[in-house]
Amino acid sequence: MDMYAVIGHPIAHSKSPKIHAMFAQQTRQDMEYLALQAPLDGFRQTVSEFFAKGGKGVNVTVPFKEQARAFATECSIEADFSGAVNTLMPERPAGSAVLPTPMRSADGRRESQPRFSYGHNTDGEGLVADLQTNIGFRLAGQSVLLIGAGGAAKGCLHPLLEAGVSRLTVTNRSPAKAFALVSMAAENRRSRRSDDSVLDACALADTEHLLKSPYDLVINATSASLQADVPDLPPDLIRADQLIYDMMYSHDDTAFIAWCKQHGARNCADGIGMLVEQAAAAFRLWRGIMPDTAPVLEALRKGL
Numbered sequence: 137m138d139m140y141a142v143i144g145h146p147i148a149h150s151k152s153p154k155i156h157a158m159f160a161q162q163t164r165q166d167m168e169y170l171a172l173q174a175p176l177d178g179f180r181q182t183v184s185e186f187f188a189k190g191g192k193g194v195n196v197t198v199p200f201k202e203q204a205r206a207f208a209t210e211c212s213i214e215a216d217f218s219g220a221v222n223t224l225m226p227e228r229p230a231g232s233a234v235l236p237t238p239m240r241s242a243d244g245r246r247e248s249q250p251r252f253s254y255g256h257n258t259d260g261e262g263l264v265a266d267l268q269t270n271i272g273f274r275l276a277g278q279s280v281l282l283i284g285a286g287g288a289a290k291g292c293l294h295p296l297l298e299a300g301v302s303r304l305t306v307t308n309r310s311p312a313k314a315f316a317l318v319s320m321a322a323e324n325r326r327s328r329r330s331d332d333s334v335l336d337a338c339a340l341a342d343t344e345h346l347l348k349s350p351y352d353l354v355i356n357a358t359s360a361s362l363q364a365d366v367p368d369l370p371p372d373l374i375r376a377d378q379l380i381y382d383m384m385y386s387h388d389d390t391a392f393i394a395w396c397k398q399h400g401a402r403n404c405a406d407g408i409g410m411l412v413e414q415a416a417a418a419f420r421l422w423r424g425i426m427p428d429t430a431p432v433l434e435a436l437r438k439g440l
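Letter by letter, the sequence shown follows residues 137 to 440 of the numbering used here.
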């Protein structure tokens, strides 16, 4: 039986084992999927030991996605663009485009021993699939506000741009992180002869910038809702005709969605669909078959 796992800290709350168990049953795949909590300073050792025991693939979640990118010996364009990895394999899947990564330790020293052959990021693919397929929101030509500049935001920037959004603004409590993310994205797009003019950044406190023109889609890529907190946005930014999307999810409205509804939002969605869709993309990479996500998403919503 092939072994897979999700690695994070904490990890007990993860729904990934349940999702992949349903995918495996649906597609008749002989596999087991575990949840492994790595020490905050022990990500590399945890994954290395799992692969040494014959593990075939690993999903990576908070707070290790950027470490996983640094540790990958090869990575996909999506992972390179975002600087974050949520899917690791001990060898490259056939036909995958790769970019070599210098092997370095956490303190930046070059290392001689390989660890993981291939790193990929399915977060953005999951977000775009949820928005366009499950929700029916077409991204082409839309203006988007992305709140946050961490691993989740990094993983979604490139796919949103590739989907044809007309404008993408990144805002963050620490403006330096937002500007650094946009600068990195613009440089990557220029290197691939893509338009970078749709990108800009601002501080979360820059109300004038945030309100200078309306957004069709507002995405909360922070984990604030997990602490029942809300990014400090100007209430006037929220409109009844826009889509509000929180990457976090809950049985009830997340704190961000509840706040947006208080200020006039009517169309809101949480991130449970993104979770299922990014898992399906990883499953396809590992097993070569795309599961049907609709019944899995329905089952998860009933179980929240």
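Even for Gly, the Cβ is constructed at its ideal location relative to N, Cα and C.
Between H145 and A171 a beta carbon distance of about 11 Å is seen, past the 8 Å cut, so the two are scored as non-contacting. DSSP, read as helix, strand or coil, puts M410 in helix. E261 has its alpha-carbon roughly 20 Å from the corresponding atom of V334. In this structure, the straight-line span from the alpha carbon of M137 to that of E168 is close to 7 Å. Nearest Cα to R328 within the set Y140, I355, H294, D336: H294. Residue environment analysis places P367 among the buried positions, since at least 16 neighbouring C-beta atoms fall within 10 angstroms of its C-beta. Here A417 is actually not in contact with T209; their C-beta atoms are around 21 Å apart, not less than 8 Å.
As computed with DSSP, M139 is found in a beta bridge with E168.
With the rule of 3 Cβ pairs closer than 8 Å, the stretch 294-314 counts as touching the stretch 333-347. R437 sits in a helix when the DSSP states are folded into three classes. A buried status is given to S212, since no fewer than 16 other beta-carbon atoms sit within 10 Å of its beta-carbon. Sorting A188, I283, G287 by C-alpha distance to the C-alpha of D216 places G287 at the top.
Distance from the Cα of L297 is smallest, within the candidate group A316, G284, A321, K313, for A321. Note on geometry: alpha-carbon atoms of Q268 and L275 lie some 7 Å from one another.
Contact between K290 and S359 does not hold, since their C-beta atoms are separated by about 14 Å, which reaches or exceeds 8 Å. Around the C-beta of Q161, fewer than 16 other C-beta atoms lie within 10 Å, and the residue is accordingly described as exposed. Contact annotation: Y381 and A415 have beta-carbon atoms that are not nearer than 8 Å.
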